[in-house]
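S.K.:
Residue numbers (the UniProt record's numbering): 1 to 449.
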């Protein structure tokens, strides 16, 4: 009996050696080798030449896990849309899917034969930058310096808190909330009241987000927590939970609409139409919600084009809301290049769709549109890294998409930074309603209801 056991142990060791040499691995140290039980060996080991493979269900689970851990791995080629006739070969797709690092993806995107993408520095001296984008950067720089970012109606309350802070310092009893305003000079306050369509900002809401920002920073919260506790509350504080109706300048006679609603839409699961479920792109979009007359035109647009949605994504909440500004968030100090790739690919697809839709309008009998996107100078974007907010934009130069990155907006770890971010978001929302929407009505909806 003892002899049989020793013979069986030698067979197990020989079997493991055959497996190791078969797959090109170094033979394991017998001292650290785990022995199999006789029952297991008789059921599972047939010969030294038998190859052990991972069960199909386990391989499928591992592949799904890889998709979730690396959500960008399947969206590496240039963005394709259902209405495009372009395609990508399977070898190209497999090559790009294996290149997981953002820098390797950028190498492929820069030389793509369809809609190449390049990331360039935000530089007003660059001759490729359109003048309207330079004008916006000048205004955003004013906000970034803290000039006229705090609503006028908050001036008296904040100045009273500053006086209280001075008294408390004298008596060695500083108040933590009031200390947030010690760097608020006269220049931070807007000279006029906010436009009546903006809802008032309460200081308690500012303090609540500041506390959440501190929590996420100190406890090393993941991106999803930052989105829920800090980023979405800032968007909500700036634009409202369901958005804000912003007046539209009368560019048509008679004007087809007097206002349009700008709202922030969380879209962490939105994908480019036709891309795989694992290709995560952006976290938030500022989109425009039309009134009933324009909604009819957008529904007609959806029927007229090859897609079932007005945008370059089939994310249902955005089906009738044209996307204007896209925002991608990352953990504090992580993933700027990866965010650049995601936003660049996302907005490249948006440019392609807008151009296709505009050409469709130009072929109609009314002929009011020009059939291109030349009158749209840029698409705004936002990068959010924890508490750091930055502005970016994409432009078109011939067939190439340029992603301009990046200009600082503000930080959500100070009260002044919070007001800088909110002022910028409201400015961008007004630009969406007063500049982007009139262009969209004419070039995409055809200028008629």
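For every residue, glycine included, the Cβ atom is placed at its ideal position computed from N, Cα and C.
Can you check which of these residues, 349, 388 and 131, is closest to residue 123 by C-alpha distance?
M.R.: Among 349, 388 and 131, the Cα nearest to that of residue 123 is on 131.
S.K.: What's the gap between the Cα of residue 178 and the Cα of residue 351?
M.R.: Approximately 46 angstroms between the Cα atoms of the pair.
S.K.: What three-state label does DSSP hand residue 434 in the structure shown?
M.R.: Residue 434: helix per DSSP, three-state reduction.
S.K.: Can you give me the Cβ contacts of residue 32 inside the same chain, cut-off strictly under 8 angstroms, excluding the 5 residues immediately before and after it?
M.R.: In this prediction, residue 32 scores a pLDDT of 42, lower than 50, which makes its location untrustworthy; the coordinate-derived value is nonetheless stated afterwards. No residues qualify anywhere along the chain.
S.K.: If we count the other Cβ atoms within 10 Å of its Cβ and call it buried at 16 or more, is residue 104 buried or exposed?
M.R.: Burial call: exposed.
S.K.: Straight-line CA distance for residue 360 to residue 301?
M.R.: Rounded to the nearest angstrom, the two C-alpha atoms are 9 angstroms apart.
S.K.: Residue 146 and residue 416 - do their beta-carbons sit closer together than 8 angstroms?
M.R.: Against a cut-off of 8 angstroms, the Cβ pair of residue 146 and residue 416 comes out as a contact.
S.K.: Please check the pair residue 249 and residue 434, which I expect to be a contact at CB under 8 angstroms, by giving their CB distance rounded to whole angstroms.
M.R.: Confirmed, about 6 angstroms.
S.K.: Where DSSP assigns a beta bridge to residue 410, which residues make up the other side?
M.R.: Paired residue(s): 389.
S.K.: In three-state DSSP terms, what is residue 195?
M.R.: In this structure, residue 195 counts as coil in the three-state DSSP scheme.
S.K.: Should the region 332 to 343 be called in touch with the region 267 to 274, which here means at least 3 C-beta pairs below 8 angstroms?
M.R.: No contact exists between the region 332 to 343 and the region 267 to 274.
S.K.: Give the list of continuous beta strand (DSSP E) stretches no shorter than 3 residues that lie fully inside the region 225 to 254.
M.R.: Within the region 225 to 254, the complete beta strand (DSSP E) runs of at least 3 residues are 244 to 247.
S.K.: Considering only C-alpha positions, which residue in the set 444, 112, 229 and 406 is nearest to residue 213?
M.R.: Ranking the options by Cα distance to residue 213, first place goes to 229.
S.K.: Below 8 angstroms between beta carbons: does that hold for residue 325 and residue 377?
M.R.: No, the Cβ-Cβ distance between residue 325 and residue 377 is not below 8 angstroms.
S.K.: CB-CB under 6 angstroms to residue 419, same chain, minus the five flanking residues each way: which ones, in chain order?
M.R.: Excluding sequence neighbours, residue 419 sits near 149 and 150.
S.K.: Rounded to a whole number of angstroms, what is the C-alpha to C-alpha distance between residue 199 and residue 437?
M.R.: Those two C-alpha atoms are separated by around 22 angstroms.
S.K.: Here's the rule: buried if 16 or more other CB atoms are within 10 angstroms of the residue's CB, otherwise exposed. What is residue 111?
M.R.: Classification for residue 111: exposed.
S.K.: Just to confirm, is the Cβ distance from residue 203 to residue 157 under 8 angstroms?
M.R.: Result yes, Cβ atoms of residue 203 and residue 157 sit closer than 8 angstroms.
S.K.: Would you identify the three-state DSSP class for residue 289, choosing helix, strand or coil?
M.R.: Note: residue 289 maps to strand in three-state DSSP.
S.K.: Would you decide whether residue 340 is buried or exposed? Buried here means 16 or more other CB atoms lie within 10 Å of its CB.
M.R.: With 16 or more Cβ atoms within 10 Å of its Cβ, residue 340 is classed as buried.
S.K.: Quick one: what's got a C-beta closer than 7 angstroms to residue 393's C-beta in the same chain, skipping five residues either side?
M.R.: For residue 393, where only same-chain residues beyond five positions count, the Cβ hits under 7 angstroms are 133, 378, 379, 380, 381 and 404.
S.K.: Please list, in chain order, all residues of the same chain as residue 43 whose beta carbon is under 7 angstroms from its beta carbon, the five residues on each side excluded.
M.R.: Only weak support exists for where residue 43 lies, its pLDDT of 42 falling under 50; the value from the coordinates is given anyway. The answer is none, since no qualifying residue turns up.
S.K.: How would you label residue 283, buried or exposed, when you count the other beta carbons within 10 angstroms and need 16 or more for buried?
M.R.: Buried, by the Cβ-count rule.
S.K.: Please identify the residue among 186, 323, 387 and 344 whose C-alpha is closest to the C-alpha of residue 431.
M.R.: With distances taken between Cα atoms, residue 431 lies closest to 323.
S.K.: When burial is assigned at 16 or more other CB atoms within 10 Å of the CB, is residue 180 buried or exposed?
M.R.: Burial call: buried.
S.K.: Mapping DSSP to helix, strand and coil, what is residue 201?
M.R.: Residue 201: coil per DSSP, three-state reduction.
S.K.: Short of 8 angstroms in beta carbon distance, which residues of its chain neighbour residue 243, apart from the five on each side in sequence? Order them along the chain.
M.R.: Result list for residue 243: 261, 262, 263, 264 and 289, in chain order.
S.K.: Please classify residue 227: is it buried, with 16 or more other beta-carbons within 10 angstroms of its beta-carbon, or exposed?
M.R.: Its Cβ being crowded by 16 or more others within 10 Å, residue 227 is buried.
S.K.: In the DSSP output, what is residue 325 paired with across the bridge?
M.R.: DSSP lists 286 as partners of residue 325.
S.K.: Tell me whether residue 376 sits in a helix, a strand or coil according to DSSP, three-state version.
M.R.: Residue 376: coil per DSSP, three-state reduction.
S.K.: Could you pull the DSSP bridge partners for residue 403 from this structure?
M.R.: Per DSSP, 119 and 394.
S.K.: Just to confirm my understanding: we take residue 388, look at its own chain, exclude 5 residues before and 5 after, and list those with CB closer than 6 angstroms. What are they?
M.R.: Excluding positions up to five away in sequence, the list reads 411.
S.K.: To the nearest whole angstrom, what separates the beta carbons of residue 102 and residue 328, a pair I think is in contact under 8 angstroms?
M.R.: So it is not a contact: roughly 12 angstroms between Cβ atoms.
S.K.: Between residue 443 and residue 358, how many whole angstroms is the CB-CB distance? I'm expecting something under 8 angstroms.
M.R.: With a Cβ gap of about 5 angstroms, residue 443 and residue 358 count as contacting.
S.K.: Residue 125: which of 117, 439, 135 and 281 sits nearest, CA to CA?
M.R.: Considering only alpha carbons, the answer is 135.
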